[in-house]
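To convert a position in the sequence shown, counted from 1, into our numbering, add 20. Cβ atoms here follow ideal geometry from the backbone N, Cα and C, with glycine treated the same way. Data first, discussion second: the structure below is written as structure tokens.
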Amino acid sequence: QAQINREIRSAISATEVSPMFGTIFNMVYFVAKAVEERRQAGGGHWVTGSQLFQSDGGFDFQGFNQVLYGGKGGRGLQA
């Protein structure tokens, strides 16, 4: 309705999202999962950036549009 009334300027239908949104969503979720993995491995304590870098990976999660995997051995986000 807002698009029809020209309250929102966009060439994209209100029922669609930009692929960039999915990419950002997946990366934020990946970082959150890596933080949680490190927090649990550290006995529930706060996680620092250097600890996050040492994440063991090996977890999977439902991303925005596909199942993603936190690769082991520093391999990062895997599809």
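Buried or exposed (CB count within 10 angstroms, at least 16 for buried), residue i
i                : result
arginine 58      : buried
phenylalanine 50 : buried
glycine 64       : exposed
asparagine 85    : exposed
Boundaries (first-last residue) of the beta strand (DSSP E) holding residue i
i                : result
valine 87        : 87 to 91
phenylalanine 79 : 79 to 82
Cβ separation of residue i and residue j, assumed to be a contact under 8 Å, to the nearest whole Å
i           : j            : result
serine 70   : alanine 54   : In fact, because the Cβ distance is near 13 Å, the residues do not count as touching under 8 Å.
tyrosine 89 : glutamine 82 : With a Cβ gap of about 11 Å, tyrosine 89 and glutamine 82 do not count as contacting.
Under the three-state DSSP convention, the category residue i falls into
i                : result
phenylalanine 41 : helix
glutamine 74     : coil
glycine 69       : helix
Per DSSP, cross-strand counterpart(s) of residue i
i                : result
phenylalanine 50 : BP columns for phenylalanine 50 are empty, so no partner.
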